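Asks:
Protein chains: 2
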Amino acid sequence: MDAYEAVFTALAHPARRRIMLTINFEGGSMTAGQIADVFEHAWPTTTRHIQVLEAAGLLYHEQKGRVRVYYINRSRLDLVRDWLEWFAKDPH
Amino acid sequence: MDAYEAVFTALAHPARRRIMLTINFEGGSMTAGQIADVFEHAWPTTTRHIQVLEAAGLLYHEQKGRVRVYYINRSRLDLVRDWLEWFAKDPH
DNA sequence: CCGATATTTAGCTTGTAGGCTAAATTTCAG
DNA sequence: CTGAAATTTAGCCTACAAGCTAAATATCGG
């Protein structure tokens with residue numbers, strides 16, 4: 121699974137896009153629990169979504185005592201931006 | 121299924137991203153047959169991928185005699201760009 | 001008209017994403 | 001140490017995406 125694949129697949133699920141937006145709005149970092157609280161889903165379900173995002177490089181985390189803090193990796197989103205650049209204008 | 125959902129889901133599959141790039145590179149339009157020829161896949165498989173892209177608004181087509189010409193709808197990709205804008209800088 | 005060409009539709013199969021519950025793990029507080 | 005808190009891991013189930021083959025549809029050329 122290459123990088124594009126991982127990132128585009130990760131962003132395909134609405135819950136995962138929402139996780140990204142939520143963390144972003146909270147300033148770029150949130151604990152696992154804070155993230156899970158936002159969702160209807162069972163906690164393990166959210167855990168898995170977070171793991172998909174992390175595997176795609178869109179999040180990373182630090183363990184702080186018994187909480188786990190997740191951070192957005194904004195630069196990873198450039199992959200998507202770069203891909204879109206192909207369509208910026210007609211190629212000749 | 122809202123617009124973001126449709127577009128992000130459509131772009132999640134490598135074959136579909138490749139269809140988009142291929143048409144783009146060919147100048148923005150290709151017949152169904154030309155698209156299918158690019159792929160290893162059985163033709164009906166490609167047809168379905170095309171339909172997903174079209175349902176997402178990323179492609180549209182015109183019937184010209186017995187060939188079907190597909191066009192890229194570049195503006196639809198702005199949805200993705202817009203979404204990414206949320207991450208352009210820290211929100212305060 | 002008829003056969004060839006271009007493409008989709010129908011319908012089947014299989015793998016896996018994504019949901020859940022229950023159990024395990026780790027760390028802190030007293 | 002022990003129990004509570006925070007979170008993940010394990011493992012199960014189900015729906016559906018995505019592949020295929022075979023059949024249907026539509027248009028053109030002679």
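Quick note, the sequences are listed as chains A and B, same order. To get the numbering used here, take the position in the first sequence, counting from 1, and add 120. To get the numbering used here, take the position in the second sequence, counting from 1, and add 120. C-beta atoms are modelled at their ideal positions from N, C-alpha and C, and glycine is treated no differently. Computed from a predicted model, the values in this text were never measured in an experiment.
Which two residues bound the contiguous beta strand (DSSP E) that contains B/H181?
Replies: Mapped onto the second sequence, residue 181 of chain B falls at position 61. Where B/H181 is concerned, the enclosing beta strand (DSSP E) stretches over 179-184.
Asks: Starting from B/M150, trace the beta strand (DSSP E) in both directions and tell me its first and last residue.
Replies: Taking the second sequence and counting its residues from 1, the one referred to as residue 150 of chain B is at position 30. It spans 149-151 - the beta strand (DSSP E) in which B/M150 sits, taken as one unbroken run.
Asks: Looking at the C-beta of B/L179, does it have a partner C-beta in chain A at a distance below 8 Å?
Replies: Counting from one through the second sequence, the residue named residue 179 of chain B turns up at place 59. False, the Cβ-Cβ gap to chain A never drops below 8 Å.
Asks: Which whole-angstrom value describes the C-beta separation of A/R136 and A/V172, a residue pair presumed to lie in contact below a C-beta threshold of 8 Å?
Replies: Walking along the first sequence from the start, residue 136 of chain A turns up at place 16. Walking along the first sequence from the start, residue 172 of chain A turns up at place 52. Contact holds; Cβ gap of about 6 Å.
Asks: Interface residues of chain A around B/F207 at Cβ under 8 Å?
Replies: Here the question's residue 207 of chain B lines up with position 87 in the second sequence. Correct list: M140, N144, I192, R194, L197.
Asks: Answer with buried or exposed for A/H169, where buried requires no fewer than 16 other C-beta atoms within 10 angstroms of its C-beta.
Replies: The count along the first sequence starts at 1 and reaches residue 169 of chain A at position 49. Classification of A/H169: buried, given that the 10 Å Cβ count is 16 or more.
Asks: Examine the Cβ distances between the stretch 176-192 of chain B and the stretch 122-132 of chain B and report whether three or more of them are shorter than 8 Å.
Replies: At 8 Å Cβ cutoff, the stretches touch.
Asks: Can you give the Cα-Cα distance for A/S152 and B/E205, rounded to whole angstroms?
Replies: As a first step, residue 152 of chain A is located in the first sequence; it is residue number 32 there, counting from the start. As a first step, residue 205 of chain B is located in the second sequence; it is residue number 85 there, counting from the start. The question names Ser, but residue 152 of chain A is Ala in the sequence shown. Cα-Cα distance, rounded: 24 Å.
Asks: For the stretch 128-144 of chain A and the stretch 181-197 of chain A, state whether three or more C-beta atom pairs, one from each stretch, are separated by less than 8 Å.
Replies: The stretch 128-144 of chain A, when compared against the stretch 181-197 of chain A, does touch it at the 8 Å Cβ threshold.
Asks: Along chain B, which residues have their Cβ under 7 Å away from the Cβ of A/A156?
Replies: As a first step, residue 156 of chain A is located in the first sequence; it is residue number 36 there, counting from the start. What A/A156 touches in chain B: nothing, since even the nearest Cβ is about 21 Å away.
Asks: Buried or exposed: which applies to B/T165, given that a residue is buried once 16 or more other Cβ atoms fall within 10 Å of its Cβ?
Replies: Position 45 of the second sequence, counted from the first residue, corresponds to residue 165 of chain B. Exposed.
Asks: Let me see if you follow: with CB-CB separation under 8 Å, is A/L173 close to chain B or not?
Replies: For this step, residue 173 of chain A is matched to residue 53 along the first sequence. Cβ-Cβ to chain B under 8 Å: no for A/L173.
Asks: According to DSSP, B/Y191 sits in a beta bridge with which residue or residues?
Replies: Indexing the second sequence from 1 puts residue 191 of chain B at position 71. DSSP output for B/Y191 lists B/S149, B/Y180 as bridge partner(s).
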